[in-house]
Amino acid sequence: MPPRVVSLLPSATEIVAALGVEPVATSHECDYPPRVRDAPSVVKSRIDASTSSAEIDAQVQESASEGGVYRIDREALAAAAPDVVISQGICEVCAVDTVAVESAIEELGLNCELVTTDPHSVGDILRDIESIGDALGRRERAAELVDELRARIDRIATTAAESPIEPSVAVLDWLDPPMVAGHWVPELVELAGGEYGLADPGDASTPREWVEIRDDDPDILVAAPCGFELDQIAENRSDLTAREGWSSLRAVRMNRAYAMDGHHLTNRPGPRVVETLETLAALLQPEHFDVPEPWMATSLPELG
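According to our numbering, the sequence shown is numbered sequentially starting from 80.
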């Protein structure tokens with residue numbers, strides 16, 4: 080009998096499903112594969128994620144001073160009777176953090192294993208798949224999945240390396256205030272044949288003054304705010320396009336400013352990190368890679 084798994088973040092839910100286990104409960108944000116949407120949620124958010132990027136940021140700051148962005152539904156967690164709970168330590172804004180989960184497990188007296196993910200690189204993501212596989216008794220399937228993902232990564236990197244062009248790239252994972260994507264994103268850009276000047280691989284995602292981004296003046300600018308699909312990026316694009324100097328940026332002048340799904344791709348450190356890499360490669364090296372599917376990325380000026 081497979082273990083009863085509660086996954087508290089979307090990327091872990093994707094890993095669990097890819098390993099052939101159906102979670103008995105998830106977070107409110109877990110939506111892939113689509114069948115997991117039917118699982119009960121044990122996490123509630125204090126944030127209205129449907130509003131503007133500036134308003135969401137203000138809500139996050141306020142919630143941080145009032146006990147955090149998320150609340151664990153202890154009744155639902157107890158009802159799930161988990162053998163394994165998967166949490167994260169990378170970002171208290173992205174998902175409920177491990178400290179809160181540990182407290183809930185202790186208060187409820189649950190006899191379960193807590194697995195914590197904290198990835199900052201592609202290698203970390205692959206190791207998390209292996210760790211979760213161990214916890215779920217799916218070690219062999221996890222090893223097969225990691226081998227499949229590594230092979231796809233290697234194929235993309237090999238093709239990208241054949242290009243004589245290495246464009247400079249900036250990826251923003253928030254718009255107001257502007258935030259430069261870190262962690263695994265700089266590494267993905269380099270694997271896709273680009274140069275990432277505003278952060279090193281493994282750096283935390285960091286708010287930046289607009290003038291820093293403008294002075295970096297990348298060849299390619301990708302807007303991929305955390306939690307935003309393309310339609311929500313379209314609603315908030317004036318957070319970028321109305322800024323001083325926007326129209327003079329090299330990426331804008333060369334029509335190489337893009338919107339990319341930040342909800343399903345750039346901010347999900349799970350199996351679909353390879354789809355993120357494939358999408359970035361298509362934007363950076365379009366002569367070598369197929370055009371992304373319409374939901375994945377598009378030209379920012381043509382969005383909406």
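All C-beta atoms, glycine included, are put in the ideal place defined by N, C-alpha and C. The structure displayed is predicted, hence computed values, not measured ones.
Query, Result
"Candidates V268, L344, D294 and I184, of which the one nearest C305 by Cα", "L344"
"Residues that R150 bridges to, as DSSP identifies them", "K123"
"Inter-residue Cα distance where the pair is P257 and P365", "26 angstroms"
"E354 - containing alpha helix (DSSP H), residue span", "V352 to L363"
"Cutoff 7 angstroms; reference R220; Cβ partners in own chain excluding five residues on either side", "L98, G99 and G212"
"7 angstroms CB neighbourhood of D203 in its chain, flanking five on each side removed", "none"
"Three-way DSSP call (helix, strand, coil) for V115 in this model", "helix"
"Pick from A313, I208, I135 and S131 that is closest to I165, judged by C-alpha positions", "I208"
"Same chain only: Cβ atoms within 7 angstroms of D386, ignoring 5 sequence neighbours per side", "Lying outside 80 to 383, the shown extent of the chain, residue 386 is not represented and no answer is given."
"Beta carbon proximity, V259 to chain B, threshold 8 angstroms", "Given the protein chain composition of this structure (a single chain), no chain B is represented."
"Option in L328, G281, P113 and P243 with minimal Cα separation from A298", "Ala is not the amino acid found at residue 298; the sequence shown has Asp there. The option with the nearest alpha carbon to D298 is L328."
"Burial state of V301 (16 or more Cβ within 10 Å)", "buried"
"V225 (DSSP reduced to helix, strand or coil)", "helix"
"Beta-carbon spacing of L382, A313 below 8 angstroms", "yes"
"8 angstroms Cβ cutoff met for Q167 and L251", "no"
"S284 burial status per 10 Å Cβ neighbour count (16 or more: buried)", "buried"
"The alpha helix (DSSP H) enclosing V201, as first and last residue numbers", "V201 to L215"
"A179 versus I151: straight-line alpha-carbon distance, rounded", "8 angstroms"
"C-alpha distance - G273 paired with R234, whole-angstrom precision", "16 angstroms"
"Nearest-angstrom Cβ-Cβ length linking R293 and G324, presumed shorter than 8 angstroms", "5 angstroms"
"Closest residue to A376 among V95, M339, P119 and L356 (Cα-Cα distance)", "M339"
"Own chain, CB closer than 7 angstroms to L379, minus 5 neighbours either side, in chain order", "A302, R316, A336, Y337 and A338"
"Cα-Cα separation, W253 to P280", "18 angstroms"
"V201 beta carbon less than 8 angstroms from that of I244", "no"
"Of the listed residues R206, T238 and S326, nearest to L224 (C-alpha basis)", "R206"
"Selection from V331, F307, D255 and E308 that minimises the alpha carbon distance to R287", "D255"
"Closest by C-alpha distance to R322, when choosing among E291, G349, E269 and R347", "E291"
"Within 8 angstroms, strictly: CB atoms of L267 and L356", "yes"
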